[in-house]
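The block underneath contains the structure these notes are about, expressed in structure tokens.
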Amino acid sequence: MSAAPIELPRWADYVLVPALAVAAAFVIAGLVVLAIGENPLESTAILLRGALATGEGVGFTLYYATNFIFTGLAVAVAFHAGLFNIGGEGQATLGGLGAALVCLQFESLPGWLLVPLGALSAAAFGALWALVPGYLQAKRGSHIVITTIMFNMLASALLVYLLVNVMGRPGSMSPETRTFVPAAHVPFLHEILARFGVVIPTTPLNGSFVLALAAAFGVWLLIWRTRLGYAIRTVGANPSAAVYAGISISRITMIAMMISGGLAGLLAVNEIMGVQDRLLLEFTGGYGFIGIAVALMGRSHPVGIVLASLLFGVLYQGGTELAFDKPAITRDMIVTISGLVILFAGALDGVFRAPLGRFFASRRRGDA
Amino acid sequence: MDALSIAIAVFDSGVRLSVPLLFACLAGLWSERSGVVDIGLEGKMLVAAFAAAAAAHATHSAWIGVLAGVGASVAFALVHGFAAISQRGNQIVSGVAINMLAAGLTALVGNAWYSQGGRTPPLDGAARFQPVTLPGAEAARGVPVIGPLYADVLSSHTVLVYGALLATLLTAVALKRTRFGLRIRAVGENPAAVDTAGVSVAALRYAAVIIAGVLCGFGGAYLSLAQAAGFLPGMTAGKGFIALAALIFAKWRAWPALGACFLFGLLDAISIRLQGVSLPWVGLVPVQAIQALPYALTVVLLAGFIGRAIPPRASGLPYVKER
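The listed protein sequences correspond, in order, to chains A and B.
Per UniProt numbering, residue 1 is the first one in the first sequence, and the count goes up by one each step.
Per UniProt numbering, residue 1 is the first one in the second sequence, and the count goes up by one each step.
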């Protein structure tokens, strides 16, 4: 992301720089923990134990990771096309609306049909909500960052309006729809495995996790194994070369934004159809923004994104346990860490790249 | 209540609501005019609001609160400046990071210090800004229309409200009429030319970023020390983004920024006023539609459907000196 390219070996680029960024983020987070009078090492131990020591903890960790995979992939696809989509929150919100409309409208359908339809509708709504900023950038020259920020705000206003005035459950004080029929529910993993006689702890982890992994594989296929993916990467890497090669930048911009928005919309499959079984306010819970951290850490590669999502899943679940044990360290710690990761991995990566570049350059000269 | 007093009440609250927008908008104006895109206005206001409330709580002085708020905001601005100017990092990414960092840190530290779910204890007396009465306001109240307008809409605000007006004036004059302002504008349009003239691009941009930090500091302090009585987690509630919208609306100019912020503040006041009110021949007004109006208008404006908003040419681009 830095302007002056610094040549690094691939492994350093993909592994070392993100690892250093995360390490720096954790050191600062540790200092914050010290400053509020807690022990960072002990806190880390509680966090890791809470996230990984029990089957229940692992289930919750993977459930959170599902959300991060979707939003991380969404940001990454746009990155590949040279676009910065910070509209993940809004696109996921619209995804929730799309899922809810289908789930409430076609209540008589069987589950094997209703669930895929709901997921498709979630992706389609997310894609369309991202298409508008994509179109405005491609054809009208408005800046995608500003437009997607505005579309986040518009989406949240729209959802409040719809839930309060149109779709809300009659007689309910809290703005939410009625509960979906059981057929619209994405089965929990413990439910699926119970059919095969395998008993695992009851957690919100559901079939969406498999969908997220499939989406990660799909994005890998798309970006590195298809013509469209090549076009997307070309537009992102060198727009003028893309024009010479006969690639339409505006077309690729719109397509990449739709894919990005569709992936963000799928977040609703996990949250709305998997866990809440109704549409409610603020179910996106900032996952769209943390997706930026995930994509930056994972260097926009699906494998990196899955790994980064697992890390953030651990932080989320472990952070919940930590907040329980040490009330001074709330979940806001995780938001803080995400902010630091975004800062170090995305904006201050030059701090690590410059000395690394010098180090590897001197090594190369030494070899020759 | 008759129509006039309703209108006056709405205008009065519109003024109050537009002040934090105006501070943040002017902050964005300085930063972006110098070529540094700033979507971290929200985060800077938030840390400022927290630091101001915490310091005012500890010292019982609103002014020390403002000082702390400005200090915290400038510290965040310098992080952004270091990333954007010295490291030539991605300015959008840095802004997003600032926003998240601010949201996380303020709630975390607030909860650890005060154990009230991230809130600071309520402030009163000298720890808050009290309204000041402009000369002759009480005497003028008796005059029909103009009297209440002067006494309620113009007078009886806190010092910071007049500070925002002063900041607008200073921004307009400094950018248009001073050498420093000319250079700031130049560095946002064509940094290479400024560099050729032997003026430091980095120094100018740092100066602009620090000014932006100071202004966001005032905006944040206004939120927790004047508008509310203490800090609430996430109390900026998107104001930094509305300010960004206002900045585009004003086409990066100071006096239009005042107009845009007042318009958006007024819309906010109207939407609060209309909550649950059923108007004749309109029915129940969807409050959300009015709240969403600034965002929708900005999208339309940016798309060039009405007028055209063109940002400073070098904004968002790091400057790399030629060798």
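Every residue gets a Cβ at the ideal spot worked out from N, C-alpha and C, and that includes glycine.
Using a threshold of 7 angstroms, state whether the C-beta atoms of residue i and residue j are closer than that.
i	j	result
S260 (chain A)	V32 (chain A)	no
V219 (chain A)	A293 (chain A)	no
R119 (chain B)	L232 (chain B)	yes
Q105 (chain A)	G265 (chain A)	no
F125 (chain A)	G95 (chain A)	yes
A246 (chain B)	A260 (chain B)	yes
F196 (chain A)	L62 (chain A)	no
E56 (chain A)	P204 (chain A)	no
A23 (chain A)	G318 (chain A)	no
G240 (chain B)	A62 (chain B)	no
A65 (chain A)	L310 (chain A)	yes
L41 (chain B)	W252 (chain B)	no
V187 (chain B)	V201 (chain B)	yes
P294 (chain B)	F264 (chain B)	yes
V15 (chain A)	A295 (chain A)	no
Q116 (chain B)	G316 (chain B)	no
G95 (chain B)	Y206 (chain B)	no
L215 (chain B)	A52 (chain B)	no
F84 (chain A)	S300 (chain A)	no
M297 (chain A)	P18 (chain A)	yes
Given that residue i touches chain B, what residues does it touch there, using C-beta distances under 9 angstroms?
i	result
L47 (chain A)	What L47 (chain A) touches in chain B: nothing, since even the nearest Cβ is about 14 angstroms away.
D13 (chain A)	None at all; the shortest Cβ gap to chain B is about 16 angstroms.
R140 (chain A)	L302, A303, G304, F305
R68 (chain A)	What sits at residue 68 (chain A) in the sequence shown is Phe, not Arg. The contacting residues do not exist; F68 (chain A) stays about 14 angstroms from chain B at best.
Keeping to the same chain, check which residues put their C-beta closer than 8 angstroms to that of residue i; ignore five residues upstream and five downstream.
i	result
A45 (chain A)	none
S2 (chain A)	At S2 (chain A), the pLDDT of 40 sits below 50, so the modelled position is not reliable and the matter cannot be decided from this model.
S154 (chain A)	The amino acid at residue 154 (chain A) is misidentified as Ser; the sequence shows Leu. Contacts found: G90.
G238 (chain B)	E42
Mind listing the chain B neighbours of residue i? Cutoff is C-beta to C-beta under 8 angstroms, in chain order.
i	result
D325 (chain A)	What D325 (chain A) touches in chain B: nothing, since even the nearest Cβ is about 14 angstroms away.
M333 (chain A)	G104, L108
H143 (chain A)	L302, P311
G50 (chain A)	Those do not exist, as G50 (chain A) stays about 18 angstroms from chain B at its closest Cβ, beyond 8 angstroms.
V351 (chain A)	Q87
Who are the neighbours of residue i on chain A, taking C-beta pairs under 8 angstroms?
i	result
P286 (chain B)	Y161, N165
M235 (chain B)	Correct list: empty, because the minimum Cβ distance to chain A is about 14 angstroms.
G265 (chain B)	None at all; the shortest Cβ gap to chain A is about 16 angstroms.
I248 (chain B)	I146
List the residues of chain A whose Cβ lies closer than 9 angstroms to the Cβ of residue i, in chain order.
i	result
S31 (chain B)	By Cβ distance, chain A contributes nothing, its closest Cβ being about 14 angstroms from S31 (chain B), past 9 angstroms.
A257 (chain B)	Correct list: empty, because the minimum Cβ distance to chain A is about 16 angstroms.
Can you pull the chain B neighbours of residue i, defined as C-beta to C-beta under 7 angstroms?
i	result
residue 372 (chain A)	What is shown of chain A runs 1 to 368, which leaves residue 372 (chain A) out entirely.
T147 (chain A)	V299, L302
T336 (chain A)	L101, G104, L105, L108
G90 (chain A)	Within chain B, no residue comes near G90 (chain A); the closest Cβ sits about 10 angstroms away, beyond 7 angstroms.
G339 (chain A)	A97, M100, L101, G104
Which residues in the same chain as residue i place their Cβ atom closer than 6 angstroms to its Cβ, once the five residues preceding and following it in sequence are excluded?
i	result
N152 (chain A)	G87, E89, G90
F188 (chain A)	N206
F76 (chain B)	K44, V47, I98
Can you name the residues of chain A whose CB is closer than 7 angstroms to the CB of residue i?
i	result
G238 (chain B)	M153
F241 (chain B)	I149, M153
CB-CB under 7 angstroms to residue i, same chain, minus the five flanking residues each way: which ones, in chain order?
i	result
R169 (chain A)	E176, T177, R178
D325 (chain A)	I46
V19 (chain B)	L160, V161, A164, Y222
P133 (chain A)	G87, I144, T147, T148, F151, M257
L17 (chain B)	G265, D268, A269
G357 (chain A)	I6, E7, L8
(message) Could you check whether the segment 126-137 of chain B touches the segment 152-159 of chain B, counting it as contact only if at least three pairs of C-beta atoms, one from each stretch, sit closer than 8 angstroms?
(response) Flag = yes, the segment 126-137 of chain B and the segment 152-159 of chain B touch.
(message) Using a Cβ distance threshold of 8 angstroms, determine whether the segment 302-313 of chain B contacts the segment 18-37 of chain B, with at least three qualifying pairs required.
(response) yes
(request) Would you check if there are 3 or more beta carbon pairs closer than 8 angstroms linking the segment 13-21 of chain B to the segment 67-82 of chain B? (result) Of all C-beta pairs linking the segment 13-21 of chain B to the segment 67-82 of chain B, fewer than three are shorter than 8 angstroms, placing the two stretches out of contact.
(message) Quick test of the definition: if touching needs 3 or more C-beta pairs under 8 angstroms, does the segment 221-236 of chain B touch the segment 254-271 of chain B?
(response) Judged by Cβ distances under 8 angstroms, the segment 221-236 of chain B makes no contact with the segment 254-271 of chain B, as fewer than three pairs qualify.
(request) Mind the definition here: the segment 296-307 of chain B touches the segment 136-147 of chain A only if three or more C-beta pairs lie below 8 angstroms; say whether that holds. (result) yes
(message) Please identify, using Cβ separations under 8 angstroms, the residues of the segment 131-165 of chain B that lie next to chain A, in order along the chain.
(response) Of all residues in the segment 131-165 of chain B, none is placed with a Cβ closer than 8 angstroms to any Cβ belonging to chain A.
(request) Answer yes if the segment 111-124 of chain A comes into contact with the segment 265-273 of chain B, meaning at least three C-beta pairs across the two stretches below 8 angstroms, and no otherwise. (result) no
(request) Tell me, please, whether the segment 40-60 of chain B touches the segment 95-106 of chain B by the rule of three or more beta-carbon pairs shorter than 8 angstroms. (result) yes
(message) Quick check: the segment 317-335 of chain A against the segment 231-243 of chain A, are at least 3 beta-carbon pairs closer than 8 angstroms?
(response) no
(request) Closer than 8 angstroms, Cβ to Cβ, to anything on chain B: give me those residues from the segment 169-193 of chain A, in chain order. (result) none
(request) Would you list, in chain order, the members of the segment 28-59 of chain B that have their beta-carbon closer than 9 angstroms to a beta-carbon of chain A? (result) V37, I39, G43
(message) Tell me which residues of the segment 284-318 of chain A have at least one Cβ-Cβ distance to chain B shorter than 9 angstroms, keeping chain order.
(response) So the close ones are G286, F289, I290, I292, A293, L296.
(request) Anything in the segment 111-124 of chain B with a Cβ closer than 9 angstroms to a Cβ of chain A? List those residues in chain order, please. (result) N111, A112, W113, S115, G117, G118
(message) Against chain B, which members of the segment 75-100 of chain A pass a CB distance test of less than 7 angstroms?
(response) F84, I86
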